[in-house]
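Presented below is the structure to which this report refers.
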Amino acid sequence: MNSKNSLFMKKYNDLVFGLIMLAIAAGYLILTLQIPITGGMFNGRFFPLIIDLIMFLLTAFQFGAYFKNKGREASESGGEKDGKTVFYTVALIVAYIALMQYIGFVLSTTLYLFLQFIVMTPAGKKIGYVKYVVIAAVSSVAIYLVFRYTELNVMLPQGIFTMI
Amino acid sequence: MELFINGLANVLQPYCFALMIVGTVIGIIFGAIPGLSSVMAIALFLPMTYSMDPAIGMGLLLSLYIGSVSGGLISAILLKIPGTPSSVATCFDGHPMLEHGEGIKALGTGVVFSFLGTMFSIVVLIFLAPQIAKGALAFGPHEYFSLSIFALCLIATLSSGSMVKGIFSGTLGLAFATIGIAPVNAVQRFTFGSVELSSGFDVLSVLIGLFAVSEIIKTAETAKNGGDSPVAQIDYKHIKGFGFTLKEFKAQLGNALMASLIGTGIGILPGIGASTSNLVAYSAIKNHSKHPEKFGTGIMDGVVASETSNNASIGGAMIPLLTLGIPGDGVTAILLGAFMVHGIAPGPLLFSSQGQLVYDIFAALCIADILMLLIEFFGLRVFAKMLQVPKYILLPIVFVFCVVGAFALSGRMFDVWALLAFGVIGYVFTRFHVPQAPMVIGFILGSMTETNFLRALMLSGNSFSGFFTQPISAVFLGCTIIYLGWNALKGMRKKKTAENAG
Numbered sequence: 007m008n009s010k011n012s013l014f015m016k017k018y019n020d021l022v023f024g025l026i027m028l029a030i031a032a033g034y035l036i037l038t039l040q041i042p043i044t045g046g047m048f049n050g051r052f053f054p055l056i057i058d059l060i061m062f063l064l065t066a067f068q069f070g071a072y073f074k075n076k077g078r079e080a081s082e083s084g085g086e087k088d089g090k091t092v093f094y095t096v097a098l099i100v101a102y103i104a105l106m107q108y109i110g111f112v113l114s115t116t117l118y119l120f121l122q123f124i125v126m127t128p129a130g131k132k133i134g135y136v137k138y139v140v141i142a143a144v145s146s147v148a149i150y151l152v153f154r155y156t157e158l159n160v161m162l163p164q165g166i167f168t169m170i
Numbered sequence: 010m011e012l013f014i015n016g017l018a019n020v021l022q023p024y025c026f027a028l029m030i031v032g033t034v035i036g037i038i039f040g041a042i043p044g045l046s047s048v049m050a051i052a053l054f055l056p057m058t059y060s061m062d063p064a065i066g067m068g069l070l071l072s073l074y075i076g077s078v079s080g081g082l083i084s085a086i087l088l089k090i091p092g093t094p095s096s097v098a099t100c101f102d103g104h105p106m107l108e109h110g111e112g113i114k115a116l117g118t119g120v121v122f123s124f125l126g127t128m129f130s131i132v133v134l135i136f137l138a139p140q141i142a143k144g145a146l147a148f149g150p151h152e153y154f155s156l157s158i159f160a161l162c163l164i165a166t167l168s169s170g171s172m173v174k175g176i177f178s179g180t181l182g183l184a185f186a187t188i189g190i191a192p193v194n195a196v197q198r199f200t201f202g203s204v205e206l207s208s209g210f211d212v213l214s215v216l217i218g219l220f221a222v223s224e225i226i227k228t229a230e231t232a233k234n235g236g237d238s239p240v241a242q243i244d245y246k247h248i249k250g251f252g253f254t255l256k257e258f259k260a261q262l263g264n265a266l267m268a269s270l271i272g273t274g275i276g277i278l279p280g281i282g283a284s285t286s287n288l289v290a291y292s293a294i295k296n297h298s299k300h301p302e303k304f305g306t307g308i309m310d311g312v313v314a315s316e317t318s319n320n321a322s323i324g325g326a327m328i329p330l331l332t333l334g335i336p337g338d339g340v341t342a343i344l345l346g347a348f349m350v351h352g353i354a355p356g357p358l359l360f361s362s363q364g365q366l367v368y369d370i371f372a373a374l375c376i377a378d379i380l381m382l383l384i385e386f387f388g389l390r391v392f393a394k395m396l397q398v399p400k401y402i403l404l405p406i407v408f409v410f411c412v413v414g415a416f417a418l419s420g421r422m423f424d425v426w427a428l429l430a431f432g433v434i435g436y437v438f439t440r441f442h443v444p445q446a447p448m449v450i451g452f453i454l455g456s457m458t459e460t461n462f463l464r465a466l467m468l469s470g471n472s473f474s475g476f477f478t479q480p481i482s483a484v485f486l487g488c489t490i491i492y493l494g495w496n497a498l499k500g501m502r503k504k505k506t507a508e509n510a511g
């Protein structure tokens, strides 16, 4: 996230969250109205509708508070957020989970750990590629073996390594 | 008493005892390293407990809990960075003590009074819990509904600055709990025809996602710019005892008692725990002290206040969890999840149907506390070294364990995707200063709330009056309304004074 963007976030933080709340409440209402009605007044829709009512009320409060305090300085503090690293991390995690079914736990975990170490290495530090590969491979194999061949007996996805 | 002795015998079996030693060590390390939390420590070991005997599994998890709450003191004193929010107040006097060359005394005080605080709260737990459970046996659907509403409101308001955001978080948790098959009339809700969604989300993937995975994503924010803090070097060679004299110890007992009471009391309340109690106890003892001006300059009293109270919250937090099945924070929520994996539902019935397990848990808490005292003191040098292990190596590995834990729940990738989804939600929450705890508790209490709500309505012939005419239920609802009103008033008054001042 660039600095202009984060300034925007600081100023409109409460407004943006109000909009998110409104979107959630509206979405939940639409979905709730699709629940088939069976039984009397207290059917499967009843409780979700109450929840939805509370959500809309809270959304109204949130907007009310925002417009009342408008113009006052936003109280949010905090330094520069490093959006790029966050984005890479989430992307890596998505790729990791998606790949696991196909290439198996050991391979995908090794790959993920190696790349994640690199992404998270502090700016001033040297990236130790060899060290990272070794740590990544050893820990993923160790985790796999511990969970697969002890009494824990967790069948982690094997992927292309079906022979292990 | 016999049950307790049996419990001790169960816990002291070599396999369980060995696991608890490992648990305590790992717990202390997770507590000591800033950025690693109690929830992460427990999430790490959770999948291993799936196949264990419940008592052994709980022994392991509880030793992680106790170790991690106490471990924060190490970095608070050595780095002046609290390892966990539980030891924020430990920095105030702990680090100055170190600067005056009393590092060992500060660490020793922290360790010993952590031990005493925990022990005090365990004793309270052992005597109070069975009584509360007995009382709770009389609870019907009306009472349970009102109680969960009361607990949710407390959690929502206590865990954040903004009441609206806190309650919204709790409500969102309730909403997520409605996914799946509806109670009472078994209609499919929000499942989009998916088989996986029809049983709803698993508590543990919601919990680990919100608390652990979101924390990992958040760390990525600062990972690039974060420098290493220097670890203070201490001469460990001439250690005698715990670094303080018997006279000094006796002088602190009054403070310790007060901090224990505050810590246990705060622990019982849902929504706040060790991370609040250390600050409350610190300021209470400072205000009560004959020499408040010395606080912050490096005196034992400050360390005693903080470390006794944060650990005393442990036993307190276990009380509503075991007797009512209501978790007050992330750690007790994850413990509840661990119970559920074993098909055990904490609540008043637990005491009559699984009496031995309850006392196994009590015994495990005591043993874990003693282990913490010994391991933390004799291993200080090693733990201080651990502070130098880079976080960018540790966190991804912890994340892999979270993935394994979610996958192992029922061997499907769906739970892993859910883990990630809730991790992202948790991260977005932190960006908007919305607390995660209410959402988790809302999610956990969701189906219980709805089921009891509908049952109560059926019992009282579709009339809402039952909630207000049943005495216990009326008290809970009354307290909720008064409490919310009082909070809203307080908020408005604060704004007014701010306006007048500005």
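Those protein sequence lines, which keep their order, are chains A and B.
Position in the first sequence (first residue = 1) + 6 = this note's numbering.
Position in the second sequence (first residue = 1) + 9 = this note's numbering.
Virtual Cβ for every residue (Gly too), placed ideally from N, Cα, C.
Note that the structure is predicted; figures quoted are calculated from it, not measured.
May I ask you to report which of helix, strand or coil DSSP gives residue i?
i, result
"B:G435", "helix"
"A:G110", "coil"
"B:R586", "This structure does not reach residue 586 of chain B, given that chain B is present from 10 up to 511, and the question cannot be answered."
"B:I90", "coil"
"A:R51", "coil"
"B:I190", "strand"
"B:Q445", "coil"
"B:Q363", "coil"
"B:Q519", "With chain B represented from 10 up to 511, any question about residue 519 of chain B goes unanswered, as that position is not in the structure."
"B:Q197", "strand"
"B:S157", "helix"
"A:I26", "helix"
"A:A71", "helix"
"B:A321", "helix"
"B:L167", "helix"
"B:V215", "helix"
"A:A97", "helix"
"B:N471", "coil"
"B:A465", "helix"
"B:L256", "In the sequence under discussion, the amino acid at residue 256 of chain B is Lys, which differs from the Leu named in the question. The answer is helix: DSSP assigns B:K256 an H, G or I state."
Note down, in chain order, each residue of its chain lying with its Cβ closer than 6 angstroms to the Cβ of residue i, except the 5 sequence neighbours on either side.
i, result
"B:F408", "I225"
"B:N19", "A64 and D369"
"B:L183", "G451 and G455"
"B:V412", "V425"
Can you tell me whether residue i is buried or exposed, with buried defined as 16 or more other CB within 10 angstroms of its CB?
i, result
"B:R198", "buried"
"A:F52", "buried"
"B:Q365", "exposed"
"A:A31", "buried"
"B:P447", "buried"
"A:Y155", "exposed"
"B:Y74", "buried"
"A:A148", "exposed"
"B:N461", "buried"
"B:M61", "buried"
"B:H151", "buried"
"A:E79", "Because the pLDDT of A:E79 is 49, which lies under 50, any placement of that residue in the model is unreliable, and the number read from its coordinates should be weighed accordingly. With fewer than 16 other Cβ atoms within 10 Å, it is exposed."
"B:S72", "buried"
Between which residues of its own chain and residue i is the CB-CB distance below 8 angstroms, once the five residues before and five after are set aside?
i, result
"B:G305", "F101, D102, P105 and G311"
"B:T506", "none"
On the DSSP letters alone, give me the boundaries of the alpha helix (DSSP H) that residue i sits inside.
i, result
"A:V160", "Where A:V160 is concerned, there is no enclosing alpha helix (DSSP H), given that its DSSP letter is neither H nor E."
"B:N2", "No statement about residue 2 of chain B is possible, as the shown extent of chain B runs from 10 to 511 and does not include it."
"B:Q140", "G112 to A145"
"A:Y135", "Y135 to Y155"
"B:A354", "Neither: B:A354 is in no alpha helix (DSSP H) and is coded neither H nor E."
"B:S95", "First-last for B:S95: undefined, no H or E at that position."
For residue i, I'd like the list of residues in its chain whose CB is within less than 7 angstroms of its CB, leaving aside the five on either flank, ordered along the chain.
i, result
"A:L163", "Before going further, note that residue 163 of chain A is Pro rather than Leu in the sequence given. So the list reads M106, Q107, G110 and F111, once near-sequence residues are dropped."
"B:Y59", "V350 and A417"
"A:I43", "N49 and R51"
When Cβ atoms are compared, which residues of the segment 192-212 of chain B fall closer than 7 angstroms to chain A? N194, V196, R198 and F199
Taking a cut of 9 angstroms between CB atoms, which residues from the segment 217-234 of chain B lie near chain A? V222, I225, I226, K227, T228, A229, E230, T231, A232, K233 and N234
Select from the segment 403-421 of chain B all residues with a C-beta closer than 9 angstroms to any C-beta belonging to chain A, and list them in chain order. L404, P405, I406, F408, V409, F410, V412, V413, F416, A417 and G420
Beta carbons nearer than 8 angstroms to chain A: which residues of the segment 54-72 of chain B have them? P56, M57, Y59 and S60
Output needed in chain order: residues of the segment 118-129 of chain A with a Cβ under 7 angstroms from some Cβ in chain B. L119, Q122, F123, M126, T127, P128 and A129
If contact means a Cβ-Cβ distance below 9 angstroms, which residues of the segment 419-453 of chain B contact chain A? G420, M422, V425, W426, L428, L429, G432, V433, Y436, V437, R440, F441, H442 and V443
Below 8 angstroms between beta carbons is the criterion; list the residues of the segment 268-280 of chain B that meet it against any residue of chain A, in chain order. none
With 8 angstroms as the limit, tell me which residues of the segment 485-509 of chain B have their beta carbon closer than that to any beta carbon of chain A; keep them in chain order. none
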